[in-house]
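These notes are about the structure you will find just below.
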Amino acid sequence: MSVQTTVVFADLMGSTGVFETIGSARGSRIVTQMTQWISAVCVAHNGQVVKTLGDGVLAVFAHAPDAIDAMVELQRDHQKRLLASSAGTRLPIRIGVARGEVEFIDDDCYGDAVNVASRLSDLSGPHQIWVNEQSLADSAEVDGVRFRPLGPIAIRGRAEPCQAFQVEWHENLSSDLMTMQATINSQHDQLEKLLLGRDIELVWVDQHRKFHSSQLPIHIGRVSQAEFVVNDPRVSRAHARVHWRNGSILLADISTYGTWIRFSGGGSDLLLRREECVLHGSGEIALGASFSDLTVPTVKFSIT
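Take the sequence shown: its letters are residues 6 to 309, numbered as in this note's numbering.
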């Protein structure tokens, strides 16, 4: 039987690099200690650890505020840990949180919320917490936290996109982010007033362009009519569209052969085929082939 549950995926980033730097034995000890600590934080906030996933933890919470509170505490404490650790052993954490239908079978769990939480974790950057809209219903109970809308996120195997939010857990938050004290609908009405726009910088070979959100949408493509031209036969005439929605800059693949995204700071490459994703921080965009092809046309991006 399915039940409404809040699912958390907490993933350590860069463990492969740590193993290469300090060796497998010591690296394994560090990863194990960290996953045990993450599990303990979840349990201390009324969560239940379903399983550890090598360098990650899957946990469930009956109440979304407990899950968000636990992950905020986790990131704040981990920030202090990183300052005290050596450069070669630093493992940032990325987190996805989703509330929805979950079915428990034996010692595992399945369902829409599990898939969404996993996807949000994969897309988030180092030190980030991404949550779905359903997780915010009782978010006023979480003190000292603000949420920034990221817009709709495509979830493979799911017809409807997921409305995602980034948890701003740092204590020195800027004033352009909204405090979650009202209902979700009223927060949506305030967004356009609170968000002042952002810039995206694109670099390829000798091309260097910056676009403000007010100038979007723009297209990346092979033809001269594209606002950012990448003249390579693997690039479609109109390959990707960069647009602004709900306070975020998104990239949509409209190509023949696909688009790959790699965010700075580690994590898996993201393949888009007629899908879109939120661009955050900085990274690279491979057009028409994966990053494994060393000759692939690669556009660097930075969001400010």
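Don't be surprised by glycine CBs; every beta carbon is placed ideally from N, CA and C.
Cβ-based burial, residue i [other Cβ within 10 Å; buried from 16]
{"i": "Gln230", "result": "exposed"}
{"i": "Asp194", "result": "Low confidence applies to Asp194: its pLDDT is 40, below 50, so where it sits in the model is not reliable, and the reading given next is rough at best. It counts as exposed."}
{"i": "Gln80", "result": "buried"}
{"i": "Met185", "result": "Residue confidence is low: Met185 scores 39 on pLDDT, short of 50, so the model does not pin down where it sits. Its coordinate-derived value is still stated next. It is buried - the Cβ of Met185 has at least 16 other Cβ atoms within 10 Å."}
{"i": "Leu155", "result": "buried"}
{"i": "Pro70", "result": "buried"}
{"i": "Thr10", "result": "buried"}
{"i": "Ile43", "result": "buried"}
{"i": "His213", "result": "exposed"}
{"i": "Val344", "result": "Only positions 6 to 309 of the chain appear in the structure, and residue 344 is not among them; the question remains open."}
{"i": "Pro238", "result": "exposed"}
{"i": "Gly130", "result": "buried"}
{"i": "Ser191", "result": "At Ser191, the pLDDT of 38 sits below 50, so the modelled position is not reliable and the matter cannot be decided from this model."}
{"i": "Ala294", "result": "buried"}
{"i": "Val247", "result": "buried"}
{"i": "Glu197", "result": "Low confidence applies here, because Glu197 scores a pLDDT of 42, under 50, leaving its location unreliable; read the following figure in that light. Exposed, by the Cβ-count rule."}
{"i": "Met18", "result": "buried"}
{"i": "Arg34", "result": "exposed"}
{"i": "Gly272", "result": "buried"}
{"i": "Ile110", "result": "exposed"}
Closest residue to residue i among the options (Cα-Cα distance)
{"i": "Thr303", "options": "Ala257, Glu165, Gly156 and Thr264", "result": "Thr264"}
{"i": "Val136", "options": "Ser273, Val13 and Lys305", "result": "Val13"}
{"i": "Val121", "options": "Gly252, Leu63, Gly270 and Lys85", "result": "Leu63"}
{"i": "Gly226", "options": "Ala245, Gln41 and Arg95", "result": "Ala245"}
{"i": "Trp174", "options": "Gly116, His132, Ser29 and Ala103", "result": "His132"}
{"i": "Arg153", "options": "Pro166, Ile134, Arg99 and Ala159", "result": "Ile134"}
{"i": "Gly202", "options": "Ser129, Glu280 and Leu221", "result": "Leu221"}
{"i": "Glu165", "options": "Asp204, Gly22, Asp117 and Val228", "result": "Asp117"}
{"i": "Arg313", "options": "Ile205, Gly286 and Val119", "result": "As displayed, the chain neither begins before 6 nor continues past 309, which places residue 313 out of reach and without an answer."}
{"i": "Arg278", "options": "Ile223, Gly32, Ser241 and Phe109", "result": "Ser241"}
{"i": "Thr309", "options": "Glu108, Gln53, Pro97 and Asp204", "result": "Asp204"}
{"i": "Ser307", "options": "Pro157, Ala294, Gly270 and Phe296", "result": "Gly270"}
{"i": "His68", "options": "Gln53, Gly272 and Arg250", "result": "Gln53"}
{"i": "Asp148", "options": "Cys167, Met76 and Phe109", "result": "Met76"}
{"i": "Val301", "options": "Arg95, Lys215 and Val210", "result": "Val210"}
{"i": "Leu255", "options": "Phe24, Ala30, Pro157 and Met6", "result": "Pro157"}
{"i": "Val8", "options": "Val65, Lys305 and Phe24", "result": "Val65"}
Start-to-end residues for the alpha helix (DSSP H) that takes in residue i
{"i": "Asn120", "result": "Asp117 to Leu128"}
{"i": "Ala75", "result": "Ala69 to Ala89"}
{"i": "Arg31", "result": "Ser29 to Ala49"}
Any chain D beta carbon closer than 9 Å to residue i
{"i": "Phe170", "result": "Annotation note: the requested chain D is absent from the structure, which comprises a single protein chain."}
Distance cut-off 8 Å: residue i Cβ against heavy atoms of the ligand HEM
{"i": "Ile158", "result": "Absence of the ligand HEM from the depicted structure is noted, as is the absence of any ligand whatsoever, leaving it without description."}
9 Å Cβ cutoff met for residue i and residue j
{"i": "Asp112", "j": "Gly61", "result": "no"}
{"i": "Leu299", "j": "Val235", "result": "no"}
{"i": "Asp127", "j": "Leu275", "result": "yes"}
{"i": "Leu284", "j": "Ser253", "result": "yes"}
{"i": "Gly105", "j": "Gln139", "result": "yes"}
{"i": "Glu280", "j": "Ala159", "result": "yes"}
{"i": "Val208", "j": "Val172", "result": "no"}
{"i": "Gly22", "j": "Val36", "result": "no"}
{"i": "Ile266", "j": "Glu289", "result": "yes"}
{"i": "Pro97", "j": "Leu87", "result": "yes"}
{"i": "Gly32", "j": "Thr40", "result": "no"}
Range of the contiguous beta strand (DSSP E) that encloses residue i
{"i": "Arg99", "result": "Ile98 to Ile110"}
{"i": "Ile160", "result": "From DSSP, Ile160 is part of no beta strand (DSSP E); its letter is neither H nor E."}
{"i": "Thr309", "result": "Note, Thr309: premise wrong, no beta strand (DSSP E); not H, not E."}
{"i": "Ser287", "result": "Ser287 to Leu292"}
{"i": "Ala257", "result": "Ser253 to Asp258"}
{"i": "Leu236", "result": "Per the sequence shown, residue 236 should be read as Asn rather than Leu. Careful: Asn236 lies outside any beta strand (DSSP E) and carries neither H nor E."}
{"i": "Gly226", "result": "Ile223 to Gly226"}
{"i": "Glu173", "result": "Cys167 to Glu173"}
{"i": "Ser7", "result": "Ser7 to Leu17"}
{"i": "Gln53", "result": "Gly52 to Thr57"}
{"i": "His217", "result": "Gln212 to His217"}
{"i": "Leu202", "result": "A small fix is needed here, since residue 202 is Gly in this sequence, not Leu. Neither: Gly202 is in no beta strand (DSSP E) and is coded neither H nor E."}
{"i": "Ala64", "result": "Gly61 to Phe66"}
(request) Pick out the complete beta strand (DSSP E) segments inside the segment 260 to 284, 3 residues or longer, and give them in chain order. (result) For the segment 260 to 284, whole beta strand (DSSP E) runs of length 3 or above, ordered along the chain, are 264 to 268, 275 to 277 and 281 to 284.
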